[in-house]
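A.B. asks: Supplied in structure tokens, the structure appears directly below.
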Amino acid sequence: MEKRVRTRFAPSPTGGLHLGGVRTALYNYLFAKHFGGDFILRIEDTDQTRFVPDAEEYIMETLKWCGLEPDESPFKPGDYAPYRQSERKPIYREYAEKLVANGQAYYAFDTPEELTAMRENFKTEQNPSPKYDFSIREKMSNSLALSAEETQKEISDGTPYVIRIKMSANEKVSLHDMIRGDVSFNTTDVDDKVLLKADGMPTYHLAVVVDDYLMKITHAFRGEEWLPSAPVHIKLWENLFGLENMPEWAHLPLILKPDGKGKLSKRDGAKLGFPVFAMNWTDPRDNEFTEGFRERGFVPQAFVNMLALIGWNDGTEQELFSSPELIAKFDIGRVHKGGAKFNYTKALWFNKEWVKTLPGFELAPQVKQLLLADGVTEKQIDSDAILAGIIDMVKDRCTLLPDFVSQTDFFFRRPASIDTASAIKKWETAYGIFYREKLIPQYENCESWTAENLENIFNETTAAGGIEKPGNLMLPLRIMLVGGKFGPHVFDIAALIGKKESIARLKEGLDSIEKAFLEKQ
10 MEKRVRTRFA PSPTGGLHLG GVRTALYNYL FAKHFGGDFI LRIEDTDQTR
60 FVPDAEEYIM ETLKWCGLEP DESPFKPGDY APYRQSERKP IYREYAEKLV
110 ANGQAYYAFD TPEELTAMRE NFKTEQNPSP KYDFSIREKM SNSLALSAEE
160 TQKEISDGTP YVIRIKMSAN EKVSLHDMIR GDVSFNTTDV DDKVLLKADG
210 MPTYHLAVVV DDYLMKITHA FRGEEWLPSA PVHIKLWENL FGLENMPEWA
260 HLPLILKPDG KGKLSKRDGA KLGFPVFAMN WTDPRDNEFT EGFRERGFVP
310 QAFVNMLALI GWNDGTEQEL FSSPELIAKF DIGRVHKGGA KFNYTKALWF
360 NKEWVKTLPG FELAPQVKQL LLADGVTEKQ IDSDAILAGI IDMVKDRCTL
410 LPDFVSQTDF FFRRPASIDT ASAIKKWETA YGIFYREKLI PQYENCESWT
460 AENLENIFNE TTAAGGIEKP GNLMLPLRIM LVGGKFGPHV FDIAALIGKK
510 ESIARLKEGL DSIEKAFLEK Q
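As structure tokens, then:
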């Protein structure tokens, strides 16, 4: 019987969630769901010096917004709780001590000053940056250089110590990466990483191996920056649990700056004018604010779709994918080996296409909040059904959600000003007379206020009035109703805002246009 697929996203609660982190979560989620498996959120908070309040809640909210809700997490415990590494502290010591007992790890009592001195004293032209490794460890203060009695005395005296893995020299260590194929390392290039810190907390190296084993993780996808640590993790798996229990790994490529030169950072986003975090984040340590895609006005469907295609495709020309389609088509083997450039223009395209695709009722709650924040009242909006209909009318003109404010607010409130300069470009004195004496009275007598009737009245009245270029009257009509040269079909607008408000706007707008026309003469 095949194992049930179990993947995990294991972020540190140290701040906002970068695009790269969300993509890692997304690929883990898609892979698990493709095989009908489980997606787990594990919080890797062993480095208490970097812990940031509220970061854990931010991570959960981000995953929820993206539709990547975990099957198991600190907020939804399953059979393998707890899901915060800080709550699993005793577990790691047990395994670290087991490695020491087996001669695969050792106690190290070196002070920070001694470590600094080591890097200076053992520096050579051939080795300008000495590492704590097989060539140096027996010259340091650790249980390999000390006798058993001396070691026990240091521990009994309360001397702070860490536990380091004992990496052998010149051993070939290999793994099969699901993206990169077979990858090999020589242990000569790897130092003796700390596994357990002086405060009893594990480092990433020990915790990730122990937790993946105990939580029965079958596939581990993480950023390529962790590839150099793979030989340490492979040796830990071999020493503690046997390589046959090790999950399959994939090391994901970096998301690069738009020019392809280096990893995309939040500073790049700030400099180039686009977000790099999923949602707004204000760092409580220094109050530094970083904008998110959600608050910029992206819909989650577009954000997830865009993110999935940064470094992956399904082998076709298709670009728009729903979440079910991504789940059905996702293949980790089609993730590119090399880094992928981030293209904000393309991100906007994804959002525009998804905004056009989504029905108005799905967009209405978010658009409503934006309108309320802009000063439109609940009473003016009247009903969510009306708002949804208006959104469907204008969504082809919107790229980001805030665009809906300028494209819809004239349905709910009279424009504060109108673009008279554009209205009078082809204006004639006769047009004012026509509006005031012909068209507006006809509209005042209109009993069936529908877009079709309003257009018919306009056409019939301009024809009867001898207007040679009725098209010249259309732009002023729009400007009087909405304030500018934008919006959907003008008669649809009038039908929606109603007879009383439409006529009031026409009369008020006509006064402004005629005044501007006279002033220009």
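Read in order, the letters of the sequence shown are residues 10 to 530 in this note's numbering.
Every residue, glycine too, gets a C-beta built ideally from N, C-alpha and C.
Keep in mind that this is a model prediction, so the values were computed, not measured.
Measure the C-alpha to C-alpha separation of residue 202 and residue 90 and round it to an integer number of angstroms.
C.D. replies: 27 Å
A.B. asks: Using CA coordinates, which residue listed in 70, 262, 240, 214 is at the minimum distance from residue 232?
C.D. replies: Of the candidates 70, 262, 240, 214, the one whose C-alpha sits nearest the C-alpha of residue 232 is 262.
A.B. asks: Taking 8 Å as the cut-off, does the segment 63–82 touch the segment 180–188 (at least 3 CB pairs, one atom from each stretch)?
C.D. replies: no
A.B. asks: So what's residue 391 in DSSP terms, helix, strand or just coil?
C.D. replies: In the structure shown, residue 391 sits in coil (DSSP, three-state: anything other than H, G, I, E or B).
A.B. asks: Could you tell me whether the segment 79–96 touches the segment 54–63, using the rule of 3 or more Cβ pairs below 8 Å?
C.D. replies: yes
A.B. asks: Residue 420 by DSSP, collapsed to three states: which one?
C.D. replies: If DSSP states are grouped into helix, strand and coil, residue 420 belongs with the helices.
A.B. asks: When DSSP labels each residue in this structure, what does residue 448 get in the three-state scheme?
C.D. replies: helix
A.B. asks: Check whether the segment 346–360 touches the segment 396–413, taking contact to mean three or more Cβ pairs, one atom from each stretch, closer than 8 Å.
C.D. replies: yes
A.B. asks: Thinking C-alpha only, which one of 290, 485, 230, 510 is nearest residue 23?
C.D. replies: The option with the nearest alpha carbon to residue 23 is 290.
A.B. asks: Under DSSP, the alpha helix (DSSP H) around residue 246 begins and ends at which residues?
C.D. replies: 239–249
A.B. asks: Looking only at its chain, what residues have a beta carbon closer than 6 Å to the beta carbon of residue 10, apart from the 5 residues adjacent to it on each side?
C.D. replies: Residue placement at residue 10 cannot be trusted, given a pLDDT of 49 that sits under 50; the coordinates are not used to answer.
A.B. asks: Which ranges would you report for the beta strand (DSSP E) in the segment 55–124 if only whole runs of at least 3 residues count?
C.D. replies: 114–117
A.B. asks: Secondary structure at residue 524, three-state DSSP: helix, strand or coil?
C.D. replies: helix
A.B. asks: Spatial neighbours of residue 432 within its chain, please: C-beta separation below 7 Å, excluding the five flanking residues on both sides.
C.D. replies: 484, 485, 488, 522
A.B. asks: Going residue by residue through the segment 149–218, where are the continuous beta strand (DSSP E) segments of at least 3 residues, counting only ones entirely within it?
C.D. replies: 171–174, 181–186, 190–195, 203–205
A.B. asks: Identify, in the order they occur along the chain, each residue of the same chain with its Cβ nearer than 7 Å to the Cβ of residue 102, setting aside the five sequence neighbours on each side.
C.D. replies: 205, 209
A.B. asks: With distances taken Cα to Cα, identify the nearest neighbour of residue 115 among 365, 151, 520.
C.D. replies: 151
A.B. asks: Can you tell me where the alpha helix (DSSP H) holding residue 39 begins and where it ends?
C.D. replies: 28–43
A.B. asks: For the structure I just gave you, are there three or more beta carbon pairs, one from the segment 226–240 and one from the segment 253–270, closer than 8 Å?
C.D. replies: yes
A.B. asks: Just to confirm the assignment, what range does the beta strand (DSSP E) spanning residue 15 have?
C.D. replies: 15–18
A.B. asks: Going by DSSP, what residue range makes up the alpha helix (DSSP H) through residue 536?
C.D. replies: Residue 536 lies beyond the residue range present for the chain, which begins at 10 and ends at 530; the question has no answer from this structure.
A.B. asks: Taking the straight line between their C-alpha atoms, what separation do you get for residue 83 and residue 72?
C.D. replies: 13 Å
A.B. asks: With DSSP as the reference, please indicate the residues paired to residue 344 in a beta bridge.
C.D. replies: For residue 344, which the question treats as bridged, DSSP gives the partners 321.
A.B. asks: Quick check on DSSP: helix, strand or coil for residue 272?
C.D. replies: strand
A.B. asks: Looking at the structure shown, is residue 253 part of a helix, part of a strand, or coil, going by DSSP?
C.D. replies: helix
A.B. asks: Take residue 445 as the anchor and find which of 516, 460, 494 has the nearest alpha-carbon.
C.D. replies: 516
A.B. asks: Would you check if the segment 210–227 and the segment 265–274 touch, i.e. whether three or more CB-CB distances between them fall below 8 Å?
C.D. replies: They do not touch, by the three-pair rule.
A.B. asks: State the DSSP-derived secondary structure class of residue 10, mapped to helix, strand or coil.
C.D. replies: Confidence at residue 10 is low in this model, with a pLDDT of 49, below 50, so the placement of that residue is unreliable and no value is reported for it.
A.B. asks: Would you be able to state if there are at least three C-beta pairs under 8 Å between the segment 131–150 and the segment 193–202?
C.D. replies: Verdict: yes, contact present.
A.B. asks: Is the Cβ-Cβ distance between residue 396 and residue 376 less than 8 Å?
C.D. replies: yes
A.B. asks: If we call anything under 8 Å between Cβ atoms a contact, is residue 29 one with residue 264?
C.D. replies: yes
A.B. asks: Look at the alpha carbon of residue 438 and the alpha carbon of residue 482, and state the distance between them as a whole number of angstroms.
C.D. replies: One alpha carbon belongs to residue 438, the other to residue 482, and they sit about 12 Å apart.
A.B. asks: Residues in the same chain with beta-carbon distance under 6 Å from residue 494, minus the five sequence neighbours each way, listed in chain order, please.
C.D. replies: 431
A.B. asks: From this set, 420, 131, 183, which residue's C-alpha is nearest residue 191's C-alpha?
C.D. replies: 183
A.B. asks: On the DSSP bridge assignment, give the partners of residue 458 in chain order.
C.D. replies: Answer is none; residue 458 lacks a bridge partner.
A.B. asks: With a CB to CB cut of under 6 Å and the five nearest residues on each side skipped, what residues in its chain are close to residue 179?
C.D. replies: Counting only Cβ-Cβ distances below 6 Å, and skipping sequence neighbours, we find 197.
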